[in-house]
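My numbering numbers the first residue of the sequence shown as 290 and each following residue consecutively. Encoded as structure tokens, the structure appears first; notes follow it.
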Amino acid sequence: MRSPLVRWSVLSVSLALALTSCAKGTGGAAAPAPSAGQFNPGASYQGTLSVMGFGATDEIGKTRVDLAKQSLKGADVKLIEGDLDIQQFLSAVAAGDPPDIIYANRDQIGTFASRGAIIPLTQCVQGEQIDTSMYNKNALAQVTFGNEVYAIPEFNQVQITMANADLLKAAGLTVADVNGSNWDKITAATKKLVKAPGGKLQVIGFDSKLPEFLPLWAKSLGADLLSADGKTAQLNSPEVVKALQFAVSIYDAQGGFAKVKAVRDSADFFGKGNQYAENALGAMPMEQWYVNVLNDVSPKAPMAFDTFRTPEGKPLAYSSGSSWAIPKGAKNPGAACRFAKTMTLVESWKAAAQARVDKRKAEGKPFTGILTGNVKADEEIRKMLTPGGEPWDSGVKAVYEANDNTFSLPANPADKEFKDAWQGAVNRVLNGQDEPQAALDKAQKDAQAALDKAWADWTKRTN
290 MRSPLVRWSV
300 LSVSLALALT
310 SCAKGTGGAA
320 APAPSAGQFN
330 PGASYQGTLS
340 VMGFGATDEI
350 GKTRVDLAKQ
360 SLKGADVKLI
370 EGDLDIQQFL
380 SAVAAGDPPD
390 IIYANRDQIG
400 TFASRGAIIP
410 LTQCVQGEQI
420 DTSMYNKNAL
430 AQVTFGNEVY
440 AIPEFNQVQI
450 TMANADLLKA
460 AGLTVADVNG
470 SNWDKITAAT
480 KKLVKAPGGK
490 LQVIGFDSKL
500 PEFLPLWAKS
510 LGADLLSADG
520 KTAQLNSPEV
530 VKALQFAVSI
540 YDAQGGFAKV
550 KAVRDSADFF
560 GKGNQYAENA
570 LGAMPMEQWY
580 VNVLNDVSPK
590 APMAFDTFRT
600 PEGKPLAYSS
610 GSSWAIPKGA
620 KNPGAACRFA
630 KTMTLVESWK
640 AAAQARVDKR
650 KAEGKPFTGI
660 LTGNVKADEE
670 IRKMLTPGGE
680 PWDSGVKAVY
690 EANDNTFSLP
700 ANPADKEFKD
710 AWQGAVNRVL
720 NGQDEPQAAL
730 DKAQKDAQAA
740 LDKAWADWTK
750 RTN
């Protein structure tokens, strides 16, 4: 399963266009919720339920979609596969012909809610009797906006440290030298691991994963990019500046970000020729789903795993992921609510996990787990893990430890603009256009202006 962080960067341009072209159609009053009577756990549904942004392309998705279809007791489910086309979605809402439910990144929900493109799910949760206590608290907080839940959390993702054990050993290092617990050791390890004969980079020593992971590096110093209430940007705090300076210095020690990115992009990331199998990368923090990918396509890769750690040695992970939301004007909101509920129930996740277990067993491979937005499902799935031997068992252990030590960015009505501000600042530094302090000072100004305007507009709409 590909990272929503990756998908967001691909879609950012189309979102900007969509918000510009569709603001008039979706930016009026906050989207009203259907009446409570439309949501009933005993109801049957007819017609078609259109689902945008989700394809049941593997056993995890297919198993749950099949269960969701059964739960609807009559409605046909039409999957509009592929990543959510944001411009198409917002245009459909503006035209009064939206899909019934969308599969979106959690960090898109605030923007969609502020544009009036999706409805609050209070009546859905109450009517379908959805137990929200089963959801990961950080995941639920990220889709709770204006004191109302606007989406149902689905997959969850966190980061752990992944390293090439052979390269570490050859350099006299261990995974503890690159797990984040000592930044001086990361710098030293990078210089020992990097290989660039004649100035041509061949082996990345360490990839600090900018721009996406700035929140992780900042939080390891105790800094949040955004206040807990989602109203105050904190992008140019001394800790955030220090985090950016360090993460960029790792690229500078290897000839600059452009060279590292070229090697990164040339890897067969999802295939047998990935950077670990080809000994082209020493270490990096990375989302946990990549453990599954590596175990599947290159089970003999010389891996070493640990959690990402703060300078105090404590595990830390940046929680993000996907969710289900119901668009304004959806023709079948009751069926959409039932669909979202069933897709994320404990029993649905267990059935999907069992399908994965059976598939992996048939292939002679271990089941390395699934992280969901449902903490109760995670507990049950963890019991279903099958031993894979080292280093994979250590990788799975790190994943679950990371999942117990997460943070997330609060929902806000300027999600997209806020993210653009800090990622734009990081990119300007990586491209040599700005120094970290200057870039983050500009980002702070832009982000705060966007937040102030979006919150003011939200207050007007909701009042």
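Where is the CB? At the ideal position from N, CA and C, for every residue including glycine. As the structure is a prediction and not an experimental result, all values here were calculated from the model.
Checklist entry - Once you ignore the five residues that flank Ala-687 on each side, which residues in its own chain have a CB closer than 7 Å to its CB? => result The residue labelled residue 687 in the question sits at position 398 within the sequence shown. For Ala-687, where only same-chain residues beyond five positions count, the Cβ hits under 7 Å are Ile-449, Phe-594, Asp-595 and Thr-596.
Item to check | Inter-residue Cα distance where the pair is Pro-725 and Leu-740 | outcome: Here residue 725 is taken as the residue at index 436 of the sequence shown, counted from 1. Here residue 740 is taken as the residue at index 451 of the sequence shown, counted from 1. Cα-Cα distance, rounded: 22 Å.
Checklist entry - If you run the structure through DSSP and keep just helix, strand and coil, what is Phe-328? => result Taking the first residue of the sequence shown as position 1, residue 328 is located at position 39. In this structure, DSSP gives Phe-328 a state outside helix and strand, which the three-state scheme calls coil.
Item to check | Counted within 10 angstroms of its Cβ, other Cβ atoms place Ala-714 as buried (16 or more) or exposed | outcome: Residue numbering aside, residue 714 sits at position 425 when the sequence shown is read from its first letter. Buried: at least 16 other Cβ atoms inside 10 Å.
Checklist entry - Smallest Cα separation from Gly-519: which of Gln-722, Asp-730, Thr-751 and Lys-708? => result As a working mapping, residue 519 is identified with position 230 in the sequence shown. It is Lys-708 whose Cα lies nearest to the Cα of Gly-519.
Next on the checklist: To the nearest angstrom, how far is the alpha carbon of Ala-305 from that of Lys-705?
Outcome noted: As a position in the sequence shown, residue 305 is number 16, starting the count at 1. As a position in the sequence shown, residue 705 is number 416, starting the count at 1. Note that Ala-305 scores a pLDDT of 36, beneath 50, so its modelled location is shaky and nothing firm can be said.
Checklist entry - The alpha helix (DSSP H) with Glu-348 in it runs from where to where? => result Counting from 1 along the sequence shown, the entry for residue 348 is found at position 59. Where Glu-348 is concerned, the enclosing alpha helix (DSSP H) stretches over 348 to 361.
Item to check | DSSP-derived helix/strand/coil call for Gly-684 | outcome: Looking up residue 684 in the sequence shown gives position 395. Helix.
Item to check | Gly-317 - DSSP class collapsed to helix/strand/coil | outcome: As a first step, residue 317 is located in the sequence shown; it is residue number 28 there, counting from the start. Confidence in Gly-317 is poor, its pLDDT being 44 and thus under 50, which makes the residue's placement unreliable; the coordinate value appears in the next sentence. Here Gly-317 sits in coil by DSSP.
Checklist entry - If Asp-682 sits next to Pro-676, beta carbons under 8 Å apart, how far is it from one beta carbon to the other, in whole angstroms? => result Stepping through the sequence shown from its first residue, residue 682 is reached at position 393. Stepping through the sequence shown from its first residue, residue 676 is reached at position 387. Cβ atoms of Asp-682 and Pro-676 come within 8 Å of each other, at about 6 Å.
Checklist entry - Roughly how many angstroms lie between the CA atoms of Ala-738 and Leu-515, to the nearest whole one? => result Within the sequence shown, numbered from 1, the residue matching residue 738 stands at position 449. Within the sequence shown, numbered from 1, the residue matching residue 515 stands at position 226. The C-alpha of Leu-515 is placed about 13 Å away from the C-alpha of Ala-738.
Checklist entry - Just the Cα atoms here: how many angstroms apart are Ala-460 and Asp-466? => result The residue you call residue 460 lines up with position 171 of the sequence shown. The residue you call residue 466 lines up with position 177 of the sequence shown. Going by C-alpha positions, Ala-460 is about 11 Å away from Asp-466.
Checklist entry - Where Pro-622 and Leu-583 are concerned, what is the direct C-alpha to C-alpha distance, given to the nearest angstrom? => result To locate residue 622, count along the sequence shown from 1; it is residue 333. To locate residue 583, count along the sequence shown from 1; it is residue 294. Cα atoms of Pro-622 and Leu-583: separation of roughly 39 Å, rounded to the nearest angstrom.
Next on the checklist: Between the alpha carbons of Gly-602 and Ser-509, how many angstroms are there, rounded?
Outcome noted: Position 313 of the sequence shown, counted from the start, is the residue given in the question as residue 602. Position 220 of the sequence shown, counted from the start, is the residue given in the question as residue 509. Looking at the two C-alpha atoms, the distance is approximately 10 Å.
Checklist entry - Pick from Ala-606, Thr-337 and Gly-487: whose alpha carbon is nearest that of Pro-574? => result Here the question's residue 574 lines up with position 285 in the sequence shown. The candidate whose alpha carbon is nearest that of Pro-574 is Ala-606.
Checklist entry - Hey, how far is the Cα of Val-586 from the Cα of Gly-344? => result Indexing the sequence shown from 1 puts residue 586 at position 297. Indexing the sequence shown from 1 puts residue 344 at position 55. Computed Cα separation, rounded: 22 Å.
Checklist entry - Which partner residues does Trp-613 have in the DSSP bridge list? => result As a first step, residue 613 is located in the sequence shown; it is residue number 324 there, counting from the start. Per DSSP, Tyr-392 and Ile-441.
Checklist entry - If you run the structure through DSSP and keep just helix, strand and coil, what is Thr-657? => result Taking the first residue of the sequence shown as 1, we reach residue 657 at position 368. Note: Thr-657 maps to coil in three-state DSSP.
Item to check | Contact set for Ala-452: own chain, Cβ-Cβ below 6 Å, skip 5 residues either direction | outcome: For the purposes of this step, residue 452 is taken as residue 163 along the sequence shown, with counting starting at 1. Excluding five sequence positions before and after Ala-452, the CB atoms of its chain that fall closer than 6 Å to its own CB belong to Val-464, Val-467, Ala-572 and Ala-593, given in chain order.
Checklist entry - Per DSSP, what kind of secondary structure is Asp-557 in: helix, strand or coil? => result As a position in the sequence shown, residue 557 is number 268, starting the count at 1. Here Asp-557 carries a coil assignment [DSSP, helix/strand/coil].
Next on the checklist: If distances are taken between C-alpha atoms only, which option among Asn-436, Glu-636 and Tyr-579 comes closest to Gly-684?
Outcome noted: Counted from its first residue, the sequence shown places residue 684 at position 395. The shortest C-alpha separation from Gly-684 is found at Tyr-579.
Checklist entry - Excluding the five sequence neighbours on either side, which residues of its own chain have a C-beta within less than 6 Å of the C-beta of Phe-535, listed in chain order? => result Position 246 of the sequence shown, counting from 1, holds the residue named residue 535. Excluding sequence neighbours, Phe-535 sits near Trp-472.
Checklist entry - Looking at C-beta atoms only, is the number of pairs between the segment 404 to 413 and the segment 436 to 443 that lie closer than 8 Å three or more? => result A contact between stretches requires three or more CB pairs, one per stretch, nearer than 8 Å, and the segment 404 to 413 meets this requirement with the segment 436 to 443.
Item to check | CB of Ser-470 within 9 Å of CB of Pro-600, strictly | outcome: By 1-based counting over the sequence shown, the position of residue 470 is 181. By 1-based counting over the sequence shown, the position of residue 600 is 311. In this structure, Ser-470 lies near Pro-600, with their beta-carbon atoms less than 9 Å apart.
Checklist entry - In whole angstroms, what separates the C-alpha of Phe-434 from that of Ala-402? => result Counting from one through the sequence shown, the residue named residue 434 turns up at place 145. Counting from one through the sequence shown, the residue named residue 402 turns up at place 113. The straight-line gap separating the alpha-carbon atoms of Phe-434 and Ala-402 is approximately 8 Å.
Checklist entry - If we count the other Cβ atoms within 10 Å of its Cβ and call it buried at 16 or more, is Phe-328 buried or exposed? => result As a working mapping, residue 328 is identified with position 39 in the sequence shown. Counting other Cβ atoms within 10 Å of its Cβ, Phe-328 reaches 16 or more and is therefore classed as buried.
Checklist entry - Should Lys-367 be labelled buried (16 or more other beta-carbon atoms within 10 Å of its own) or exposed? => result Here the question's residue 367 lines up with position 78 in the sequence shown. Classification of Lys-367: exposed, given that the 10 Å Cβ count is below 16.
Next on the checklist: Can you give me the C-alpha to C-alpha distance between Asp-455 and Pro-591, rounded to a whole angstrom?
Outcome noted: By 1-based counting over the sequence shown, the position of residue 455 is 166. By 1-based counting over the sequence shown, the position of residue 591 is 302. Roughly 6 Å separates the two Cα atoms.
Checklist entry - Under the three-state reduction of DSSP, which class applies to Ile-539: helix, strand or coil? => result Position 250 of the sequence shown, counting from 1, holds the residue named residue 539. Helix at Ile-539.
Checklist entry - Can you name the residues that DSSP bridges to Met-592? => result As a first step, residue 592 is located in the sequence shown; it is residue number 303 there, counting from the start. DSSP, once it has assigned bridges, lists Asn-453 as partnering Met-592.
Next on the checklist: On a Cα-Cα basis, can you pick out the residue from Phe-444, Asp-541, Asn-525 and Ser-612 that is closest to Ile-390?
Outcome noted: By 1-based counting over the sequence shown, the position of residue 390 is 101. Nearest C-alpha to Ile-390: Ser-612.
Item to check | Of the listed residues Phe-444, Asp-347 and Val-718, nearest to Ala-732 (C-alpha basis) | outcome: Here residue 732 corresponds to residue number 443 of the sequence shown, with the count starting at 1. Closest option to Ala-732, Cα to Cα, is Val-718.
Item to check | Given Ser-608 as reference, the closest of Glu-576, Ala-624 and Trp-638 once Cα atoms are compared | outcome: Numbered from 1 along the sequence shown, position 319 holds the residue referred to as residue 608. Just measuring C-alpha positions, the residue of Glu-576, Ala-624 and Trp-638 sitting nearest Ser-608 is Glu-576.
Checklist entry - To which residues of the same chain is Asn-701 closer than 6 Å at the C-beta, ignoring the five residues directly before and after it? => result The residue labelled residue 701 in the question sits at position 412 within the sequence shown. By the criterion of a C-beta distance shorter than 6 Å, Asn-701 is surrounded in its chain by Gly-399 and Gly-519, once the five residues flanking it on both sides are discounted.
Checklist entry - Ser-380 lies in the alpha helix (DSSP H); which residues open and close that run? => result Taking the sequence shown and counting its residues from 1, the one referred to as residue 380 is at position 91. Ser-380: member of the alpha helix (DSSP H) spanning 375 to 383, first to last residue.
Checklist entry - Given that a residue counts as buried once 16 or more other Cβ atoms are within 10 Å of its Cβ, and exposed if not, what is Leu-656? => result As a first step, residue 656 is located in the sequence shown; it is residue number 367 there, counting from the start. It is Phe, not Leu, that sits at residue 656 in the sequence shown. By the neighbour-count criterion, in which 16 or more other beta carbons inside 10 Å mark a residue as buried, Phe-656 falls on the buried side.
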